[in-house]
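For reference, the structure is listed below as structure tokens.
Residue numbers (this note's numbering): 483 to 621.
Listed below in structure tokens is the structure:
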């Protein structure tokens with residue numbers, strides 16, 4: 483997937499920013515840039531998802547586009563936040579019980595989908611993860 487550099491150059495592609503007043507959230511980034519990045523172009527070989535399971539779970543447009551991507555014809559590879567990491571995000575951003583419920587529902591859907599393989603990752607050197615990634619990226 484090729485991401486346009488323009489939104490990042492001016493900070494408009496940033497959905498979460500630490501400021502002197504605390505965390506500033508920009509949920510609209512998921513509805514706009516996030517959704518467009520999940521829609522594959524004609525040359526898209528795969529979609530890379532970086533740690534799904536946080537703040538984006540609250541964005542309906544993004545989650546619908548994510549579900550389409552996960553069940554589409556373009557392979558997806560990515561990371562699902564661990565339950566512990568999700569709990570940290572919930573606490574740090576004061577997202578409340580709804581965050582945990584959204585996360586658990588999404589995780590349950592992922593675990594039930596036979597087309598999706600979820601591997602626990604404890605280390606970047608984990609041989610099982612490395613084998614799975616090599617297989618995924620092999621022609």
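Idealized CB from N, CA, C, for every residue including glycine.
Boundaries cannot be given for residue 538, as no beta strand (DSSP E) includes it and DSSP labels it neither H nor E. A contact between stretches requires three or more CB pairs, one per stretch, nearer than 8 Å, and the segment 521-540 meets this requirement with the segment 550-564. Taking a 10 Å sphere around the C-beta of residue 555, we find fewer than 16 other C-beta atoms and assign the residue as exposed. In this structure, DSSP gives residue 517 a helical state, which the three-state scheme calls helix. Secondary-structure assignment with DSSP links residue 501 through a beta bridge to 504.
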